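Chemist: If you scroll down you'll find the structure; I have some questions about it.
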């Protein structure tokens, strides 16, 4: 219904963490997109920082390439950090 | 009983049919009623805004105002000491006992009218709360200290839309200017001293409304200029909200806001 451009929204929930994609919304320009994102995605204190990116500016991997992109990683168990214990004190790993 | 187009908005200050209140109670009640009535108006946009993002934004602003109203009405009830809590004040008073400014009760109109109303009122509330942070009334000072952050955002939101609608298409410019023309007759009342406000100002309890006009204009007028809009010159000015005199629109609003509480007294869910 809206003819306004689509924006992808990324929110950092607190200091030290990365911005995470939370969804998308419509807005006439970047300034309004940040404000709309504030209202739509952070009104319950979900964030301390917001990024908005024009949806058209994102280049995505193609579903057709799924096999060649992702399957080869499936049997490389030695790439996973599963051979030692992570100390309890290390968070966000 | 309010001024009509073409007639000077003078009121002799005689009986308005409103309950006589102690000045401090009347002042706090007026500020609470401003927030309550505008919160209801913004709630009317839910599921009717131009886009879902704006729907949520207007509801958020309304909820901020409702939070302010709850604290202010509770405080007015405590000052009055007549056993009326926030619900009694919100739901069981009639039109003549509401002390809000007429600007907040004006109908939503189209989105441009709502934007004009929000710009004018948020800019007023910003200057008001900025000064009330230093009020000798600790509750008023606390409400103002918390609410000014909210109002800063409300003012910014309205500013952004005023700029985009005013300096947008021919149609959006026309509508934004028309929105300003509908709201501006109710601007002057924001800066008029209500009953006995001078005494409260002297005691450091209230902010002098007259002193808010200049900083308000210093914020709002450049926004209008940047948005390529003209500052309206209204042919009449509404008066008397702080004394219980309202436009026709308030009665309809109260009927909708109050009927459930009155039909089912004490109901909870």
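Protein chains in written order, with our numbering: chain W, 1 to 93; chain Y, 1 to 269.
The beta-carbon is built from N, C-alpha and C at its ideal position, and this holds for glycine as well.
The structure displayed is predicted, hence computed values, not measured ones.
#1: The region 169–186 of chain Y: which residues have C-beta closer than 7 Å to a C-beta of chain W, in chain order?
#2: Mind checking whether residue 22 of chain Y and residue 250 of chain Y have CB atoms under 8 Å apart?
#3: CB-CB under 7 Å to residue 226 of chain Y, same chain, minus the five flanking residues each way: which ones, in chain order?
#4: Looking at the secondary structure, which residues open and close the alpha helix (DSSP H) in which residue 77 of chain Y lies?
#5: Please name the residues in the region 14–31 of chain W whose beta-carbon is closer than 7 Å to at least one beta-carbon of chain Y, in chain order.
#6: What residues in its chain sit with their C-beta under 8 Å from that of residue 26 of chain Y, if we drop five residues either side in the sequence?
#7: Taking DSSP's pairing of strands, which residues face residue 10 of chain W in a bridge?
#8: Which chain Y residues are close to residue 44 of chain W, counting only those with a beta carbon under 7 Å from its beta carbon?
#9: Quickly, what does DSSP pair residue 26 of chain W with across the bridge? List them, please.
#10: Note down, in chain order, every chain W residue with its Cβ under 8 Å from the Cβ of residue 157 of chain Y.
#11: Quick check: residue 220 of chain Y and residue 119 of chain Y, are their CB atoms within less than 8 Å of each other?
#12: Would residue 115 of chain Y and residue 179 of chain Y be called neighbours here (beta carbons separated by less than 8 Å)?
#13: Which residues, in order along the region 43–69 of chain Y, keep a beta-carbon less than 7 Å from a beta-carbon of chain W?
#14: Return yes when the Cβ of residue 159 of chain Y is within less than 8 Å of the Cβ of residue 126 of chain Y, no when it is not.
#15: Would you verify that the beta carbon of residue 9 of chain W is, or is not, closer than 8 Å to some beta carbon of chain Y?
#16: Please confirm whether residue 41 of chain Y has its beta-carbon closer than 8 Å to some beta-carbon of chain W.
#17: So, using beta-carbon positions, are residue 247 of chain Y and residue 44 of chain Y closer together than 8 Å?
#18: State buried or exposed for residue 70 of chain W, treating a residue as buried only when at least 16 other CB atoms are found within 10 Å of its CB.
#19: Would residue 135 of chain Y and residue 204 of chain Y qualify as a contact pair, given that the criterion is a beta-carbon distance under 8 Å?
#20: Taking the alpha helix (DSSP H) that residue 222 of chain Y falls in, what are its first and last residues?
#21: Answer with yes or no whether the minimum CB distance from residue 40 of chain W to chain Y is below 8 Å.
#22: Please list, in chain order, all residues of the same chain as residue 64 of chain Y whose beta carbon is under 6 Å from its beta carbon, the five residues on each side excluded.
#23: For the alpha helix (DSSP H) containing residue 118 of chain Y, name the first residue and the last one.
#24: Residue 226 of chain Y CB to nearest chain W CB: under 8 Å?
#25: Measure the CB-CB distance between residue 61 of chain Y and residue 183 of chain Y and report whether it falls below 8 Å.
#26: Looking at C-beta atoms only, is the number of pairs between the region 45–59 of chain Y and the region 74–88 of chain Y that lie closer than 8 Å three or more?
#27: Check whether the region 72–86 of chain W and the region 205–219 of chain Y touch, using three or more Cβ-Cβ pairs below 8 Å as the test.
#28: Give me, in chain order, the residues of the same chain whose beta-carbon lies closer than 6 Å to that of residue 66 of chain Y; leave out the 5 immediate sequence neighbours on both sides.
#29: DSSP state of residue 164 of chain Y, grouped into three classes?
#30: Suppose you measure from the CA of residue 26 of chain W to the CA of residue 35 of chain Y; what does that come to, to the nearest Å?
#31: From the DSSP output, in three-state form, read off residue 205 of chain Y for me.
#32: To the nearest whole angstrom, what separates the beta carbons of residue 237 of chain Y and residue 188 of chain Y, a pair I think is in contact under 8 Å?
Modeler: Reading from the atomic positions:
#1: none
#2: no
#3: 163
#4: 52–80
#5: 25, 26, 27, 28, 31
#6: 99, 194, 195, 196, 242
#7: W/21, W/51
#8: Those within 7 Å of residue 44 of chain W in chain Y number zero; the least Cβ separation is about 11 Å.
#9: W/6
#10: 35
#11: yes
#12: yes
#13: 51, 53, 56, 57, 60
#14: no
#15: no
#16: no
#17: no
#18: exposed
#19: yes
#20: 213–226
#21: yes
#22: 150
#23: 111–132
#24: no
#25: no
#26: no
#27: no
#28: 39
#29: helix
#30: 29 Å
#31: coil
#32: 4 Å
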